[in-house]
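Since the structure comes first, as C-alpha cells, the remarks are kept for the end.
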Amino acid sequence: MSNQQYVTITHYKEREFYFLSYAIQAHDGFIPKEMEQFHESEKEKFIERIRELQIQYPESQVVSLSLILNQKVVDKVDNNKASGKIFANNYVVQDKIDIGNIPTTLYFSPFALLYEEYKNKLDDKLTLLIGLFDRKLYIMFATKEKIHESWTIGTRGLTEKQVADRVYKSMKAYYKISYKFADHIEMLVTDESPKLLKVLREELSLNILLKQNTIHNLLHHMAGEPKRTISSFIKSSLSKIGDEGIMKNTQNSFSTGRLSDDLGDLKLNGNDMKGNATPNQMKSMIGTTVAGNLFQNLLALIPLLFVLGMGAFFSMKSDSMEQATSLRQAQSLAQTNNALLAMTTEDIFSAMGKNADLKEAVISNSRVEVKGVVWGIEPLRNSLNGIYSDGDFSIKPLENFMTEFSFKSKI
Amino acid sequence: MLVGLKQLPLVSKIIFVLSLVILFVWVIPTMVNYFKDVKAQEKQIADLQKNSSKYGISIEDTKQFNKESFIQDALTNVSKASVESIDDKSYAIRLEVDKDKIDNFNKFLETLSLRYLVKITSPITFKEKDKLIEVKMTIQEI
Numbered sequence: 018m019s020n021q022q023y024v025t026i027t028h029y030k031e032r033e034f035y036f037l038s039y040a041i042q043a044h045d046g047f048i049p050k051e052m053e054q055f056h057e058s059e060k061e062k063f064i065e066r067i068r069e070l071q072i073q074y075p076e077s078q079v080v081s082l083s084l085i086l087n088q089k090v091v092d093k094v095d096n097n098k099a100s101g102k103i104f105a106n107n108y109v110v111q112d113k114i115d116i117g118n119i120p121t122t123l124y125f126s127p128f129a130l131l132y133e134e135y136k137n138k139l140d141d142k143l144t145l146l147i148g149l150f151d152r153k154l155y156i157m158f159a160t161k162e163k164i165h166e167s168w169t170i171g172t173r174g175l176t177e178k179q180v181a182d183r184v185y186k187s188m189k190a191y192y193k194i195s196y197k198f199a200d201h202i203e204m205l206v207t208d209e210s211p212k213l214l215k216v217l218r219e220e221l222s223l224n225i226l227l228k229q230n231t232i233h234n235l236l237h238h239m240a241g242e243p244k245r246t247i248s249s250f251i252k253s254s255l256s257k258i259g260d261e262g263i264m265k266n267t268q269n270s271f272s273t274g275r276l277s278d279d280l281g282d283l284k285l286n287g288n289d290m291k292g293n294a295t296p297n298q299m300k301s302m303i304g305t306t307v308a309g310n311l312f313q314n315l316l317a318l319i320p321l322l323f324v325l326g327m328g329a330f331f332s333m334k335s336d337s338m339e340q341a342t343s344l345r346q347a348q349s350l351a352q353t354n355n356a357l358l359a360m361t362t363e364d365i366f367s368a369m370g371k372n373a374d375l376k377e378a379v380i381s382n383s384r385v386e387v388k389g390v391v392w393g394i395e396p397l398r399n400s401l402n403g404i405y406s407d408g409d410f411s412i413k414p415l416e417n418f419m420t421e422f423s424f425k426s427k428i
Numbered sequence: 058m059l060v061g062l063k064q065l066p067l068v069s070k071i072i073f074v075l076s077l078v079i080l081f082v083w084v085i086p087t088m089v090n091y092f093k094d095v096k097a098q099e100k101q102i103a104d105l106q107k108n109s110s111k112y113g114i115s116i117e118d119t120k121q122f123n124k125e126s127f128i129q130d131a132l133t134n135v136s137k138a139s140v141e142s143i144d145d146k147s148y149a150i151r152l153e154v155d156k157d158k159i160d161n162f163n164k165f166l167e168t169l170s171l172r173y174l175v176k177i178t179s180p181i182t183f184k185e186k187d188k189l190i191e192v193k194m195t196i197q198e199i
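Protein chains in written order, with my numbering: chain P, 18 to 428; chain L, 58 to 199.
Okay, structure coming up:
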C-alpha cells in the first residue's frame, strides 16, 4: 500500500469510549478501514495509535467533531471565539476548542456536517434540519439563503417524549420570532433511535425524512475534499488550529464537553444571542470570555507594569539627579562670582597701594564704590582709571590738610 | 509578530498600545532627561574639580554651612570672624582683616564656595577700623 495516499483519521469520544477510524481517500469517495474503540482509561494507547497512523500515512489529517452543547450558528464571525464558516453568511461559534493532548488537525461542528449533508436539498422553503450526535440534538432552520436559527438540545436523562416536546417548544419559539413553521423536516442520525423518530413524528405532526450515517463516515466525507474542508472546519482564534492545519498534522486535540445532567439544557440560541447581545459585546470588549483570554490579558499587563516600573524608577532617579545637578550648577556659579569678587577686591587694593588709605568700600560684581584718603592723587587716579576707564574719580580737601578721594564705577 | 498581535483579545491590545504610549511619551523622555542630567553633572563636577585642585581642595569635601566650622576656617585667614543668622538659610558675616593681609581674605573668598555650599548674596563692604579692615557680607546656603 502506498504511504503517499491521502488518509483521513477520524476520532471522537462518546460516553467513556474513544472511537477511532481511518479511511483512504480516493477520487470517487473514501474507502473506510478498520474502526477501533478505546476505553478512556486507555487514552495513552489511543493517542499512540493516532500517532502510528500519522507516521504510517504522512499525507493525512486527523479529524474530529465538536460535540459540546455550547455552540451556535450566528451571522457574524466572533474573532474572540473558535469559529467555522458553514454557509455564505453563517458561522458556527463556540467559546474555544478545548485542546487536551489528543492529536487533531481538523475540527468540525455537527452543524457543519448537517449543512454539508443537506445543502443541495435546501430551497426557499423553510427546512428544519435535525442532527442526532452522541445523544444531543443539533437543530437548525435553514433555507437556501441562510441558516435562520439554531439550537442544541441535550437528551441525556430525557424520555423520547420529553425530547420531542423540547423540539416542538423550539419550533414554537422560532415561530414567535419569525411567524413561520418549517415546511418539512430532515433528520440525520448517527445512532439508531427508532423510538425517538416515531415520537418526533407524532409530536410534530410532520413527516421526517431520515438519513443515517456514522460520525466517522461523515467526518471522512468532510475532510475528503480540500474545498469542503477549508470552508467549514472550526478555527480557533487562540490555538491556531487553522489554515496551517490543512497542510500539516498539527498536534492539537480536543475533549468533548460534558453533557449536563440537568434537564434544562434546551437552548434557543437565537434568543440567547438576542438577549445577550450587549453582554456578548461586552465580553468581546473585555476579552474575558475564556480563561485563555484572561491569561493573555494578565500577560499583557506584564509589559505595562514593566513600563510603569521603569518610568517610576527613572522619574525618581531623574528628580534626584536634577536636584544634584542644580546644586552643582549653583555651586559652580557661586564659585565663579566669588572668584570675580576676589579679583575686583585685589584690583582695588592694588590700585590704592601706597597712594591711598581705605576708609570705606562697597564691592560687588556690578559696581565698585571706594572712599579713602589719598596721598598721591594722580597715580591713584591713573591706577583706578586704568582698571575702570568709565569710573568717576573725585577728590575733596579735608580740614586737616588731607585730601579725600572717592571712586565709583560700574563693572 | 503583527499576526500574533492581531489575535490578542481587545483588552490585551489596548494594554499593549497603552504600554507603548507610556513608553514613548513618558519613560523614554524621562530616561533621556536622566542621562542628560548625569552627563551635565559629570561635566560640572569635572569643572569644579579642576578649579578646586588649584587651591588643593577636593569638591568631595564640600560641606553644608556650619557656623562653628566656618569661623574656625575663617580664622586661619583673618583676625576675627563672627556669624549671625538672618533666617533659616541666610547669615550675616563679619570679618576683621589686617590691612596688610587683605590677600588672605581674597584667598578665603575664592575658596568659600568650594568649602561650603553657600553663595554671597550682598555686595561686600570694607570699612577701615583701627588699622584693621572690617568686612561684611551676607551669605546664603544653596
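Backbone N, C-alpha and C fix where the C-beta goes; we use that ideal spot for every residue, glycine too.
**OP:** Using the DSSP secondary-structure output, state which residues sit across from alanine 378/P in a beta bridge.
**Re:** What you label residue 378/P is simply residue 361 of the first sequence in a count that begins at 1. DSSP output for alanine 378/P lists Val387/P, Phe183/L as bridge partner(s).
Subject >> C-alpha gap between asparagine 123/L and serine 406/P, whole angstroms >> reply: Within the second sequence, the letter at position 66 stands for residue 123/L. Within the first sequence, the letter at position 389 stands for residue 406/P. In this structure, the CA atom of asparagine 123/L is about 41 Å from the CA atom of serine 406/P.
Original post:
Since aspartate 94/L meets chain P, which of its residues come closer than 7 Å, beta carbon to beta carbon?
Top reply: Looking up residue 94/L in the second sequence gives position 37. The contacting residues are Ser335, Met338, Glu339, Thr342.
Original post:
Between which two residues does the alpha helix (DSSP H) carrying histidine 44/P extend?
Top reply: The residue labelled residue 44/P in the question sits at position 27 within the first sequence. Premise fails: histidine 44/P is in no alpha helix (DSSP H) and is neither H nor E.
Subject >> For glycine 326/P, the residue or residues it bridges with in DSSP >> reply: As a first step, residue 326/P is located in the first sequence; it is residue number 309 there, counting from the start. In the DSSP secondary-structure assignment, glycine 326/P is not bridged to any residue.
**OP:** Report the option in Asn372/P, Gly241/P, Arg398/P whose CA atom is closest to the CA atom of aspartate 45/P.
**Re:** Against the first sequence, residue 45/P aligns to sequence position 28. Closest by alpha carbon: Gly241/P.
**OP:** Determine whether the Cβ of arginine 66/P lies closer than 7 Å to any Cβ atom of chain L.
**Re:** Indexing the first sequence from 1 puts residue 66/P at position 49. Chain L, which has no Cβ nearer than 7 Å to the Cβ of arginine 66/P, makes this no.
Subject >> Uninterrupted beta strand (DSSP E) stretches inside the region 135-180 of chain L (no shorter than 3 residues) >> reply: Taken in chain order, the unbroken stretches of beta strand (DSSP E) that lie wholly in the region 135-180 of chain L and span 3 residues or more are 137-142, 147-155, 175-177.
Subject >> Status (buried if at least 16 other CB within 10 Å, exposed otherwise) for asparagine 431/P >> reply: Coverage of chain P is limited to positions 18 through 428, which leaves residue 431/P absent and any answer about it impossible.
Original post:
Are the beta-carbon atoms of isoleucine 251/P and serine 167/P separated by less than 7 Å?
Top reply: Numbered from its first residue, the first sequence carries residue 251/P at position 234. Numbered from its first residue, the first sequence carries residue 167/P at position 150. Contact: no.
**OP:** Could you tell me if phenylalanine 422/P is buried or exposed, where buried requires 16 or more neighbouring beta carbons within 10 angstroms of its beta carbon?
**Re:** Residue mapping note: residue 422/P aligns to position 405 of the first sequence, counting from 1. Per the 10 Å Cβ criterion, buried.
Original post:
Leaving out the 5 sequence neighbours to the left and right, which residues in its chain are closer than 7 Å to leucine 131/P when beta-carbon positions are compared?
Top reply: Stepping through the first sequence from its first residue, residue 131/P is reached at position 114. Leu146, Gly148, Tyr155, Met157, Leu205, listed in sequence order.
Original post:
Using a C-beta cutoff of 7 Å, does glutamate 261/P count as contacting chain L?
Top reply: Indexing the first sequence from 1 puts residue 261/P at position 244. Note that glutamate 261/P has pLDDT 43, beneath the 50 cutoff, so the model's placement of it is unreliable and the number below is only indicative. It does not; no Cβ of chain L falls within 7 Å.
Original post:
Going by C-alpha distance, which of Leu375/P, Lys425/P, Val385/P, Glu416/P is nearest aspartate 187/L?
Top reply: On the second sequence, residue 187/L is found 130 positions in, with the first residue counted as 1. Closest in alpha carbon position to aspartate 187/L, among Leu375/P, Lys425/P, Val385/P, Glu416/P, is Leu375/P.
Subject >> Distance, threonine 25/P Cα to glutamate 76/P Cα >> reply: Counting from 1 along the first sequence, the entry for residue 76/P is found at position 59. Counting from 1 along the first sequence, the entry for residue 25/P is found at position 8. Roughly 9 Å separates the two Cα atoms.
Subject >> Cut-off 7 Å between Cβ atoms - residues of its own chain near glycine 383/P, not counting five sequence neighbours on either side >> reply: Translated into positions along the first sequence, residue 383/P becomes position 366. The residue asked about is misnamed: residue 383/P is serine in this sequence, not glycine. The answer, listed in chain order, is Lys427, Ile428.
Original post:
Within 10 angstroms of its Cβ, does alanine 43/P collect 16 or more other Cβ (buried), or is it exposed?
Top reply: Position 26 of the first sequence, counted from the start, is the residue given in the question as residue 43/P. So alanine 43/P ends up on the exposed side.
Original post:
Measuring CA to CA, which of Pro396/P, Leu358/P, Ser381/P, Asn354/P is closest to lysine 371/P?
Top reply: For the purposes of this step, residue 371/P is taken as the residue at position 354 of the first sequence. That would be Pro396/P, whose Cα lies nearest to the Cα of lysine 371/P.
**OP:** Compute the beta-carbon to beta-carbon distance between isoleucine 116/L and isoleucine 150/L, rounded to the nearest angstrom, for a pair I have assumed lies under 8 Å.
**Re:** As a position in the second sequence, residue 116/L is number 59, starting the count at 1. As a position in the second sequence, residue 150/L is number 93, starting the count at 1. About 22 Å; that fails the 8 Å criterion.
Original post:
What residues of chain L sit near methionine 369/P, judged by a beta carbon separation below 8 Å?
Top reply: Your numbering for residue 369/P matches position 352 in the first sequence. For the C-beta of methionine 369/P, not a single chain L residue is nearer than 8 Å; the gap to the nearest is close to 10 Å.
Original post:
Taking C-alpha atoms, which residue in Leu318/P, Gln348/P, Lys425/P lies nearest to glutamine 98/L?
Top reply: The sequence position of residue 98/L within the second sequence is 41, counting from 1. Looking from the CA of glutamine 98/L, the closest CA among Leu318/P, Gln348/P, Lys425/P belongs to Gln348/P.
Original post:
Mind checking tyrosine 148/L: buried by the 16 CB within 10 Å criterion, or exposed?
Top reply: Here residue 148/L corresponds to residue number 91 of the second sequence, with the count starting at 1. For tyrosine 148/L, the number of other beta carbons within 10 angstroms of its own is at least 16, and it is reported as buried.
Subject >> Proximal residues of chain L, C-beta to C-beta of glutamate 363/P below 9 Å >> reply: Locating residue 363/P in the first sequence gives position 346, counting from the first residue. Chain L residues near glutamate 363/P: Ile159, Asp160, Asn163.
Original post:
So, do the region 175-187 of chain L and the region 131-139 of chain L have three or more beta carbon pairs nearer to each other than 8 Å?
Top reply: Counting C-beta pairs closer than 8 Å gives fewer than three between the region 175-187 of chain L and the region 131-139 of chain L, which falls short of the contact rule.
Original post:
What three-state label does DSSP hand methionine 419/P in the structure shown?
Top reply: For this step, residue 419/P is matched to residue 402 along the first sequence. Residue state, collapsed to three classes: coil.
Original post:
Per DSSP, which one or two residues make a beta bridge with proline 86/L?
Top reply: Within the second sequence, the letter at position 29 stands for residue 86/L. According to DSSP, which records beta bridges pairwise, proline 86/L is partnered with nothing at all.
Subject >> Per DSSP, cross-strand counterpart(s) of glycine 148/P >> reply: As a working note, residue 148/P is residue 131 in the first sequence. Glycine 148/P pairs with Tyr155/P, Leu205/P.
**OP:** Tell me whether arginine 68/P is buried or exposed, calling it buried when 16 or more other Cβ atoms sit within 10 Å of its Cβ.
**Re:** Walking along the first sequence from the start, residue 68/P turns up at place 51. Counting Cβ neighbours within 10 Å, arginine 68/P comes out exposed, since fewer than 16 surround it.
Original post:
Beta-carbon separation of tyrosine 29/P and isoleucine 232/P under 7 Å?
Top reply: Numbered from 1 along the first sequence, position 12 holds the residue referred to as residue 29/P. Numbered from 1 along the first sequence, position 215 holds the residue referred to as residue 232/P. In contact: tyrosine 29/P and isoleucine 232/P (Cβ atoms closer than 7 Å).
**OP:** Just the chain L side, please: which residues come within less than 8 Å of lysine 376/P by C-beta, in chain order?
**Re:** The sequence position of residue 376/P within the first sequence is 359, counting from 1. Lys184, Glu185, listed in chain order.
Subject >> Short CB-CB distance (under 7 Å) between valine 324/P and chain L >> reply: Position 307 of the first sequence, counted from the first residue, corresponds to residue 324/P. Chain L contact via Cβ: present.
Subject >> For leucine 213/P and isoleucine 225/P, believed in contact at Cβ under 8 Å, the rounded distance >> reply: Within the first sequence, numbered from 1, the residue matching residue 225/P stands at position 208. Within the first sequence, numbered from 1, the residue matching residue 213/P stands at position 196. Taking the Cβ atoms as the reference, isoleucine 225/P lies roughly 10 Å from leucine 213/P, outside the contact range of under 8 Å.
Original post:
At what residue ranges does the region 82-166 of chain P contain a whole run of the beta strand (DSSP E), taking only runs of 3 or more?
Top reply: Runs found: 88-91, 99-104, 107-111, 123-125, 144-150, 153-159.
Original post:
Relative to the C-alpha of aspartate 140/P, which residue among Ile164/P, Leu37/P, Ser411/P, Gly393/P is closest?
Top reply: To locate residue 140/P, count along the first sequence from 1; it is residue 123. Closest by alpha carbon: Ile164/P.
**OP:** Identify, in the order they occur along the chain, each residue of the same chain with its Cβ nearer than 6 Å to the Cβ of aspartate 95/P, setting aside the five sequence neighbours on each side.
**Re:** Working through the first sequence from its first residue, we reach residue 95/P at position 78. Excluding positions up to five away in sequence, the list reads Val110.
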